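If you read the sequences in order, they're chains P and W. Numbering follows my numbering, in which position 352 of the first sequence is assigned residue number 1054; successive positions increment by one, without gaps. Numbering follows my numbering, in which position 109 of the second sequence is assigned residue number 101; successive positions increment by one, without gaps. Below is one structure; the comments refer to it alone.
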Amino acid sequence: MKKIFIFFLILFIQSCASPIGGAKKIEDIKPQETPSIETIEAGLWMQMNNYEEKLKTSGSRIKDRDLEKYLKDILCKLTSEYCKDIRVYVQDIPFFNAFMAPNGMMVVWTGLLLRAQNEAQVATVIGHEAGHYIKRHSLKSWLDAKARTDLMAILSIGLAVGGVPAGGDIFNITQLLQAGFMAKHSRDNEREADKIGLDLLINAGYDPIEAPKIWENIIKEMELGEVNKPLSFLASHPAPKERIDNLKNQTKEYGNIQSLKNTKELDKKTNKHLKKWIKNEIRLKNKTEQTEFVIDTALPEKENKYLLYFYKGEIYRSRGDKINKKEDDNNTKEVEEETNYDKAISFYKKSIAENPNFADVYRELGLLELKKNKNENAKYNLSKYLELNKNAKDAEIIKSYLN
Amino acid sequence: MKFIKKILIIPIFLFLVSCQTDKTYILVEPGKVELKKIYSADTNKKWSQFQEDEYNFLFWTINGYTLERIVFFKPISDGRSLFDHDSFFTQESEKRPIFNSKMNKFEIKEFFENCIIWSREFTNFETSNIKNYKIGDVEGISFDIKAQNELGLNYRGFAIAGIKNEKFYSVYFIATELEFYDKYKKEAKEIISSIEIL
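In structure tokens form, the structure reads like this:
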């Protein structure tokens, strides 16, 4: 009886395989194409249109239409054909991410913009997301997910009927398998989107060397952070290392490569947000080395060095006065103990050395010196803050510390 | 008859028990009010007071929490946060802002701001206009609040905060910029300026 059951179960599972593969037959979306009302895709579009309406007035959408227009212009530079079909929104969320909805709504998070070093790197991501749209990846993923959900639900019941104990473990196993299959499919989509993105990037004259760079930085950041291992098999994107290799190999296939980076253009659009984005990054309380790396990436230019040191000081000040162990030159033994506040003070002093007219750093340095009972130094620095910032709104409080 | 009596006693008992436990909201009458022996405040209006032991705060509202409220945080000690519940994003739970009684006035404001941002109730939350402020005999601060939630609704408000006996105390008023902030700011200011730490 059991053998007969298993035989039919195998036949059933094999018959279920076609809807999954079937999703690959879906053709690319054409410019200005909209799905027919009776299709599943139209339903997905309708749901995403609703989401997009909410996003338009959402508090998390950044209030800088100029920045969104700038990103949209990059998109149109990459693909004039689909320029009318895709809208770009920026959400104020301090993580590295961007996503594309099937209806043409592209969302970029501020954490990504903070980490991008030039326009070519942003174009890499925008081109990649446009690739998802052109290839209708959301629809494919949805159909595959639906097919697998059905299959796995039935498989779970089938195993139970077949005499295998149907406890929570089996449910977990089927879910795990399902998630694994879906992630694999998604990674294939990501590879395809990477390829399209790089085509668009090169055709628009951007420097393709910048494409792997953004991933190289993510790897470095991951290594410095708490998640210092490669992405697991359940992750929905190819591992960054694989991604870098693919992008580098693909670049070799092109003949006429240009070198447009547009570093200043990106800086011009993002500079006014930098203070807030860096503050949000520091607030995440990631490992100090990781946050330092992100700020290094965000402020690489020489003229910003005083800000770079100031924010590094802020990282350590905001962690409270914990003791850090320092290693000697050979990394063999811990030789000195340094507190977060010592580190912060040292960075603030470097900031002053770079730009002695930057008021904020004197305030932070003075307040920290007060905590360290270096009252004379504190008085000097707080007074210097008031001298440089004649209209300081917090003058009343600073004066109370001076007295 | 005995059987009917028994049947009647059960629902009456259940009803009484349910009445006793339902103290999530109580009515605050005008006059001087003591809040859980933590704060005292004067009010000219009636407010609904939310109080649940498991939450680290009480609040007063007239039209509803999302429209306007005065939030009274219970005092917290070193190493604690204003919100002790786990974050929806569990990996962030360990990274909640932590209070330190050695914080200076700017760090007190920063701590308050970081806690509210950590709670993710607002997508934008900014504080400004920090001033010295005495909460009874405690040297504290006051500052203004501007916020926006996920729906895009704008809020305005103000807060006071200070440290007494190495514990952090804070009260804030927030209301929708449209209609409710202007409607209740005078009353809220009067209440907050009457607050004393008990």
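Even for Gly, the Cβ is constructed at its ideal location relative to N, Cα and C. If you're wondering where the values come from, they're calculated on a predicted model, not measured in any experiment.
Exposure of residue i, with buried meaning 16 or more beta-carbon neighbours within 10 Å
| i | result |
| --- | --- |
| residue 987 of chain P | buried |
| residue 723 of chain P | With a pLDDT of 40 at residue 723 of chain P, under the threshold of 50, the modelled position of this residue cannot be trusted, and the question is left open. |
| residue 782 of chain P | exposed |
| residue 1098 of chain P | exposed |
| residue 1055 of chain P | exposed |
| residue 150 of chain W | buried |
| residue 900 of chain P | buried |
| residue 904 of chain P | buried |
| residue 81 of chain W | Residue placement at residue 81 of chain W is flagged as unreliable, the pLDDT there being 49, under the threshold of 50; the coordinate-derived value follows with that caveat. Exposed. |
| residue 800 of chain P | buried |
| residue 805 of chain P | buried |
| residue 703 of chain P | Caution applies to residue 703 of chain P, whose pLDDT of 49 falls short of 50 and renders its modelled position unreliable; the value that the coordinates give is listed next. It is exposed - the Cβ of residue 703 of chain P has fewer than 16 other Cβ atoms within 10 Å. |
| residue 710 of chain P | For residue 710 of chain P, the pLDDT reaches just 49, beneath the cut-off of 50, and the residue's location in the model is therefore unreliable, although a value from the coordinates is still provided. That one is exposed. |
| residue 190 of chain W | exposed |
| residue 865 of chain P | Low confidence applies here, because residue 865 of chain P scores a pLDDT of 31, under 50, leaving its location unreliable; read the following figure in that light. Its Cβ having fewer than 16 others within 10 Å, residue 865 of chain P is exposed. |
| residue 971 of chain P | buried |
| residue 22 of chain W | exposed |
Contacts that residue i makes with chain P (C-beta to C-beta distance below 7 Å)
| i | result |
| --- | --- |
| residue 144 of chain W | 759, 760 and 761 |
| residue 141 of chain W | 761 |
Paired residues, beta bridge with residue i - DSSP
| i | result |
| --- | --- |
| residue 809 of chain P | P:791 and P:801 |
| residue 844 of chain P | According to DSSP, residue 844 of chain P bridges with nothing at all. |
| residue 61 of chain W | W:166 |
| residue 160 of chain W | W:68 and W:155 |
| residue 189 of chain W | W:31 |
| residue 140 of chain W | W:116 and W:146 |
| residue 41 of chain W | W:18 and W:52 |
| residue 962 of chain P | P:908 |
| residue 175 of chain W | Answer by DSSP bridge pairing: none, since residue 175 of chain W is not bridged. |
| residue 763 of chain P | P:793 |
| residue 132 of chain W | W:125 and W:154 |
| residue 23 of chain W | W:35 |
| residue 1041 of chain P | P:1025 |
Spatially closest choice to residue i from the options, by CA coordinates
| i | options | result |
| --- | --- | --- |
| residue 27 of chain W | W:134, W:59, W:37 and W:65 | W:65 |
| residue 119 of chain W | W:108, W:186, W:176 and W:182 | W:108 |
| residue 75 of chain W | W:32, W:123 and W:160 | W:160 |
| residue 56 of chain W | W:176, W:190, W:184 and W:112 | W:176 |
| residue 922 of chain P | P:902, P:834 and P:989 | P:989 |
| residue 1080 of chain P | P:1047, P:976 and P:819 | P:1047 |
| residue 978 of chain P | P:991, P:765 and P:1072 | P:765 |
| residue 15 of chain W | W:167, W:35 and W:46 | W:46 |
| residue 62 of chain W | W:153, W:137, W:53 and W:70 | W:53 |
| residue 36 of chain W | W:154, W:182 and W:128 | W:182 |
| residue 113 of chain W | P:1052, P:969 and P:761 | P:761 |
| residue 1074 of chain P | P:1052, P:1050 and P:1044 | P:1044 |
| residue 1002 of chain P | P:966, P:1016, P:1019 and P:1021 | P:966 |
Cutoff 7 Å: residue i Cβ touching any chain A Cβ
| i | result |
| --- | --- |
| residue 97 of chain W | This model lacks chain A altogether; the protein chains it does include are P and W. |
Per-residue contacts from residue i into chain P (C-beta, under 9 Å)
| i | result |
| --- | --- |
| residue 42 of chain W | What residue 42 of chain W touches in chain P: nothing, since even the nearest Cβ is about 24 Å away. |
| residue 114 of chain W | 761 |
| residue 124 of chain W | 1098, 1099 and 1102 |
| residue 109 of chain W | 982 and 985 |
| residue 157 of chain W | None at all; the shortest Cβ gap to chain P is about 19 Å. |
| residue 94 of chain W | 1022, 1023 and 1073 |
| residue 29 of chain W | Here the premise fails: no neighbours, minimum Cβ distance about 30 Å. |
Beta-carbon proximity of residue i to residue j, cut-off 7 Å
| i | j | result |
| --- | --- | --- |
| residue 135 of chain W | residue 121 of chain W | yes |
| residue 838 of chain P | residue 731 of chain P | yes |
| residue 776 of chain P | residue 828 of chain P | yes |
| residue 1076 of chain P | residue 906 of chain P | no |
| residue 1011 of chain P | residue 1057 of chain P | no |
| residue 909 of chain P | residue 822 of chain P | yes |
| residue 163 of chain W | residue 184 of chain W | yes |
| residue 792 of chain P | residue 769 of chain P | yes |
| residue 1083 of chain P | residue 1061 of chain P | no |
| residue 820 of chain P | residue 963 of chain P | yes |
| residue 199 of chain W | residue 31 of chain W | There is no way to answer for residue 199 of chain W, as the model of chain W reaches only from -7 to 190. |
| residue 1024 of chain P | residue 1042 of chain P | yes |
Neighbour list for residue i in chain W, Cβ cutoff strictly below 9 Å
| i | result |
| --- | --- |
| residue 767 of chain P | Chain W residues near residue 767 of chain P: none, gap ~15 Å exceeds 9 Å. |
Where residue i meets chain W, residues with beta-carbon distance less than 8 Å
| i | result |
| --- | --- |
| residue 1113 of chain P | Nothing can be reported for residue 1113 of chain P, as the shown portion of chain P is limited to 703 through 1105. |
| residue 1095 of chain P | 120, 121 and 122 |
| residue 794 of chain P | 115 and 116 |
Per-residue contacts from residue i into chain W (C-beta, under 7 Å)
| i | result |
| --- | --- |
| residue 1069 of chain P | 96 and 98 |
Within chain P, the residues that residue i reaches when beta carbons sit closer than 8 Å
| i | result |
| --- | --- |
| residue 138 of chain W | Chain P residues near residue 138 of chain W: none, gap ~11 Å exceeds 8 Å. |
| residue 48 of chain W | Near residue 48 of chain W there are no residues of chain P at all, since even the closest Cβ is about 20 Å away, more than 8 Å. |
| residue 106 of chain W | 985 |
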